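Student:
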Amino acid sequence: MSHVVFENVSKRYVLYSRPIDKLKEVLFGKVSGKPFYALKNVSFSVKQGEIVGVVGINGSGKSTLSHLLANVTPPTYGRVTLGGKSALIAISSGLNNQLTGRDNIELKGLMMGLNKKQIQAITPEILEFADIGDFIDQAVKTYSSGMRARLGFAISININPDILIIDEALSVGDQTFTEKCLDKMREFRDQGKTIFFVSHSLNQVKSFCTKVLWLEYGEVRMFGPTTETMAEYNKYLYWYKQLTKKQAAHYVMKKRTGRSDEIERSTRGETIELSS
Amino acid sequence: MNGIYTIGKELKDHFYLIFRLSLYETKSLYSMQYLGWFWEIMTPLLQIGVYWVVFGFGIRGGHPVDGIPFVFWLVSGLIAWFFIGSTIPSGSRSIYGRVALVSKMHFPLSTIPAYVILAQFYRHLAMIALTIVLGMAFGYFPGWHTLELLYIVPAGVIFLYAVSLLLSALSTMIRDVQNMVTSAIRMLMYLTPIMWIPPDHSLFKTLLMINPLVYLIEGYRSALIGTGYLLDHVWYGLYFWTVTSVLLVVGAAVHLRFRRYFIDYV
């Protein structure tokens, strides 16, 4: 059963040269800035219980992809189908700095659509997983970046999402915490949940993911089993590194502007979230 | 009209959410300060003191207004203004300041202005209570007219929600709206007869009444002092509700039309 399906998904951002252009677009719906496609005709489908690594060099659209998966922002064209509730874990995990850790648990839970009982039920698990001791009753602004990441991760993982997106969030934790997270994610996988793992750590991707989605400047360059895709990606990285500055700039330019006119514009973008 | 129904249903279904979030809103507002709630009361008190001296003694020479002690007359209108004047700017900035935190498309964004208003509302209730106490000190005891509060306070809240719903959507997309709101509020404070009494000039009075805030301010006075304004101005009440309904319809339509894209504008 396919759990996450992308069909011809494109996400356009508009770069405005003057603020007035933005106003014009709001009022008249006419795009008068320079369009920039962060994702172009992305199509793939992922089965339940899969752990998908998302790789690509900077600017390839990984963050946009994770925002679309987390249902934070709608696609401009194409259709995203999510087979359940999704949760995004990023380094800046949307905690309120003025409030205590415990308040943040409730706040985040409410915003994720949990009710009072559900929040009370998961609080002990969050405390156990985050393991920040007495700091839980201190304002989050006093936390170290590791503590913040741990709390954010603990909250997102314990609201029991069907689809979990991890965007570079493991890079701040120490080895023990990373291990703990990876364990938890394996547990998730065994429960038939789908995980997207956005990372620059090739080793983590290799050891952990069942499939890899390689993005290059907004397009899917390759999507397949981990070993093959990572081998190709490694070759590519090696090739890219030996380019001179001028060659690299030329290559990026070509990739960026090319094929924008081939975007499938048939449907207005939509995200469908199926209730599980 | 459908828009109003959708928004109303969202607010009703997420009542607990609105309530809890409003408490956190007040909490994070004052967690930085040592004296927290003290400032909630102290700031308005200082303002009242200044206006009393300037307008009451300086300009009016300490004369009462239609037999009502100036300070009581001033305070019963001013507390309504404190609520309006702090809610409209924060309501207008409510969505773009928080949409990134919410970061979920199915989060009911229409609840954000609601909980921001509710967070201000607790202080407002305390001020109403204090004003009633002040009135008693001058010999104005609560009576039948006090029941008008049950009408004018909800009327004010609904009006403020309608304004905030519209402005929050607009200012998310066009940030300049926020600057406009700030200066408009500053002007409205003096254009609304809160600290001064409009002269007996019928055209001037009518022009003044285009501003629906006049209805709210005088409505508060009617309820707190017993001026009878609300019962004498039924047609003006109808005008107020017409303006509020139009704001609600337009606000709901704009909000629902654009909220999918709010996150892209932040």
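So the sequences go chain by chain: A and B. Heads up: the first sequence runs through residues 17 to 292, numbered per my numbering. Heads up: the second sequence runs through residues -7 to 258, numbered per my numbering. Built from N, CA and C at the ideal position, the CB exists for glycine as well. Only a predicted model underlies this, so the values are computations on that prediction, with no experimental measurement involved.
Specify the secondary structure class of Glu32(B) as computed by DSSP and reduced to three states.
Tutor: Taking the first residue of the second sequence as position 1, residue 32(B) is located at position 40. Helix.
Student: On a CA-only basis, which of Gly129(A), Ser161(A), Ile288(A) and Arg166(A) is nearest Glu141(A)? Give me that one, please.
Tutor: Within the first sequence, numbered from 1, the residue matching residue 141(A) stands at position 125. Comparing Cα-Cα distances from Glu141(A) to each of Gly129(A), Ser161(A), Ile288(A) and Arg166(A), the minimum goes to Arg166(A).
Student: Please name the residue, chosen from Gln258(A), Phe22(A) and Asn120(A), that lies closest to Leu15(B) on a Cα-to-Cα basis.
Tutor: On the second sequence, position 23 is the one that residue 15(B) refers to. Minimum Cα distance to Leu15(B) is reached at Asn120(A).
Student: Excluding sequence positions up to five away, which residues of its chain have a Cβ less than 6 angstroms from the Cβ of Met201(A)?
Tutor: Within the first sequence, residue 201(A) is the residue found at index 185, counting from 1. Cβ within range, chain order: Ile211.
Student: Counting only C-beta atoms, is Lys40(A) closer than 8 angstroms to chain B at any point?
Tutor: In the first sequence, residue 40(A) corresponds to position 24, counting from 1. It does not; no Cβ of chain B falls within 8 angstroms.
Student: Can you give the beta carbon distance from Pro190(B) to Leu200(B), rounded, assuming they're within the 8 angstroms contact cut?
Tutor: Walking along the second sequence from the start, residue 190(B) turns up at place 198. Walking along the second sequence from the start, residue 200(B) turns up at place 208. At roughly 6 angstroms, the Cβ-Cβ gap stays under 8 angstroms, so Pro190(B) and Leu200(B) are in contact.
Student: Assign Asp190(A) to one of three DSSP states: helix, strand, or coil.
Tutor: Stepping through the first sequence from its first residue, residue 190(A) is reached at position 174. It is coil, neither helix nor strand.
Student: Could you tell me whether any Cβ in chain A is nearer than 8 angstroms to the Cβ of Ile255(B)?
Tutor: Taking the first residue of the second sequence as position 1, residue 255(B) is located at position 263. With 8 angstroms as the cut-off, Ile255(B) counts as an interface residue toward chain A.
Student: So what's Trp230(A) in DSSP terms, helix, strand or just coil?
Tutor: Counting from one through the first sequence, the residue named residue 230(A) turns up at place 214. Three-state DSSP puts Trp230(A) in a strand.
Student: Buried or exposed: Asp183(A), going by 16 or more other Cβ atoms within 10 Å of its Cβ?
Tutor: Here residue 183(A) refers to the residue found at position 167 of the first sequence. Asp183(A) is buried by the Cβ-count criterion.
Student: How about the stretch 141 to 155 of chain B and the stretch 75 to 90 of chain B: do they share at least three Cβ pairs that are nearer than 8 angstroms?
Tutor: Judged by Cβ distances under 8 angstroms, the stretch 141 to 155 of chain B makes contact with the stretch 75 to 90 of chain B, as three or more pairs qualify.
Student: My parser needs the beta strand (DSSP E) runs of 3 or more residues fully inside the stretch 100 to 173 of chain A; what are they?
Tutor: 102 to 106
Student: Under the DSSP definition of a beta bridge, which residues are partnered with Arg167(B)?
Tutor: Sequence index remark: in the second sequence, residue 167(B) carries index 175 (1-based). Beta-bridge pairing links Arg167(B) to no other residue.
Student: For the candidate residues Glu17(B), Leu180(B), Thr(-2)(B) and Tyr221(B), whose alpha-carbon lies nearest to that of Thr138(B)?
Tutor: Here residue 138(B) refers to the residue found at position 146 of the second sequence. Nearest of Glu17(B), Leu180(B), Thr(-2)(B) and Tyr221(B) to Thr138(B), Cα basis: Tyr221(B).
Student: Helix, strand or coil for Lys209(A), going by three-state DSSP, please let me know.
Tutor: In the first sequence, counting from the first residue as 1, residue 209(A) sits at position 193. Coil.
Student: List the residues of chain B whose Cβ lies closer than 7 angstroms to the Cβ of Val96(A), in chain order.
Tutor: In the first sequence, the residue the question calls residue 96(A) occupies position 80. Within chain B, no residue comes near Val96(A); the closest Cβ sits about 11 angstroms away, beyond 7 angstroms.
Student: Who are the neighbours of Leu115(A) on chain B, taking C-beta pairs under 8 angstroms?
Tutor: Position 99 of the first sequence, counting from 1, holds the residue named residue 115(A). By Cβ distance, chain B contributes Tyr16, Lys19, Ser20 and Ser23.
Student: Ordered along the chain, which non-local residues of its own chain (more than five positions away) have a Cβ less than 7 angstroms from that of Tyr153(B)?
Tutor: Position 161 of the second sequence, counted from the first residue, corresponds to residue 153(B). Closer than 7 angstroms at the Cβ level, and outside the excluded window around Tyr153(B), lie Pro105, Ala106 and Ile109.
Student: Around the Cβ of Arg249(B), are there at least 16 other Cβ atoms within 10 angstroms (buried) or fewer (exposed)?
Tutor: On the second sequence, residue 249(B) is found 257 positions in, with the first residue counted as 1. By the neighbour-count rule (16 or more Cβ atoms within 10 Å), Arg249(B) is not buried but exposed.
Student: Would you give the residue range spanned by the beta strand (DSSP E) that Ile181(A) belongs to?
Tutor: Working through the first sequence from its first residue, we reach residue 181(A) at position 165. Ile181(A) -> beta strand (DSSP E) spans Ile179 to Asp183.
Student: Of all the CB atoms in chain B, is at least one closer than 8 angstroms to the CB of Pro91(A)?
Tutor: As a first step, residue 91(A) must be located in the first sequence, where it is residue number 75. Not an interface residue.
Student: Might you give, ordered along the chain, the residues of its own chain that have their beta carbon closer than 7 angstroms to the beta carbon of Glu122(A), omitting 5 neighbours on each side?
Tutor: Against the first sequence, residue 122(A) aligns to sequence position 106. Within the same chain, Glu122(A) has close Cβ partners Ile135.
Student: Would you say Leu139(B) faces chain A, with C-beta separation under 8 angstroms as the test?
Tutor: As a first step, residue 139(B) is located in the second sequence; it is residue number 147 there, counting from the start. Not one chain A Cβ lies under 8 angstroms of Leu139(B).
Student: Closest to Ile138(A) by CA distance: which of Asn174(A), Lys50(A), Phe145(A) and Lys124(A) is it?
Tutor: On the first sequence, residue 138(A) is found 122 positions in, with the first residue counted as 1. Nearest of Asn174(A), Lys50(A), Phe145(A) and Lys124(A) to Ile138(A), Cα basis: Asn174(A).
Student: List the endpoints of the continuous beta strand (DSSP E) containing Glu286(A).
Tutor: In the first sequence, residue 286(A) corresponds to position 270, counting from 1. Bounds of the beta strand (DSSP E) holding Glu286(A) are Glu286 to Glu289.
Student: Below 8 angstroms between beta carbons: does that hold for Arg95(A) and Glu286(A)?
Tutor: As a position in the first sequence, residue 95(A) is number 79, starting the count at 1. As a position in the first sequence, residue 286(A) is number 270, starting the count at 1. Yes, these two residues count as a Cβ contact at 8 angstroms.
Student: I think Asp150(A) touches Arg118(A), with their Cβ atoms under 8 angstroms apart; what is that distance to the nearest whole Å?
Tutor: One-based indexing of the first sequence puts residue 150(A) at position 134. One-based indexing of the first sequence puts residue 118(A) at position 102. Actually they do not touch by this definition, with Cβ atoms about 11 angstroms apart.
Student: Taking 8 angstroms as the CB-CB limit, is Glu184(A) close to chain B?
Tutor: For this step, residue 184(A) is matched to residue 168 along the first sequence. No, its Cβ sits nowhere closer than 8 angstroms to a Cβ of chain B.
Student: Count the other CB atoms, across all protein chains shown, that sit within 10 Å of the CB of Pro61(B); report buried if there are 16 or more and exposed otherwise.
Tutor: Within the second sequence, numbered from 1, the residue matching residue 61(B) stands at position 69. That one is buried.
Student: I'd like the list of long-range same chain contacts for Leu239(B), defined as Cβ closer than 7 angstroms, with 5 residues on each side in sequence excluded.
Tutor: As a first step, residue 239(B) must be located in the second sequence, where it is residue number 247. For Leu239(B), where only same-chain residues beyond five positions count, the Cβ hits under 7 angstroms are Ala154, Val155 and Leu158.
Student: Against Tyr8(B), what residues of chain A qualify as contacts under a CB-to-CB distance less than 9 angstroms, listed in chain order?
Tutor: As a position in the second sequence, residue 8(B) is number 16, starting the count at 1. Those are Leu126, Asn131 and Lys132, listed as they occur along chain A.
Student: Give the residues of chain A in contact with Arg85(B), contact being defined as C-beta atoms less than 8 angstroms apart.
Tutor: Mapped onto the second sequence, residue 85(B) falls at position 93. The premise fails here: Arg85(B) is roughly 16 angstroms from chain A at the closest Cβ pair, so nothing lies under 8 angstroms.
Student: Spell out whether any CB of chain A is found under 8 angstroms from the CB atom of Arg12(B).
Tutor: By one-based count along the second sequence, residue 12(B) stands at place 20. Yes, because at least one Cβ of chain A sits closer than 8 angstroms to the Cβ of Arg12(B).
Student: From the DSSP secondary-structure annotation, give me the bridge partner or partners of Val238(B).
Tutor: The residue given as residue 238(B) occupies position 246 in the second sequence. DSSP lists no partner for Val238(B).
Student: Give the DSSP-derived three-state secondary structure of Val45(B) in the structure shown.
Tutor: Numbered from its first residue, the second sequence carries residue 45(B) at position 53. If DSSP states are grouped into helix, strand and coil, Val45(B) belongs with the helices.
Student: Where Asn112(A) and Met238(A) are concerned, what is the direct C-alpha to C-alpha distance, given to the nearest angstrom?
Tutor: Taking the first residue of the first sequence as 1, we reach residue 112(A) at position 96. Taking the first residue of the first sequence as 1, we reach residue 238(A) at position 222. Taking the straight line from one Cα to the other gives about 38 angstroms.
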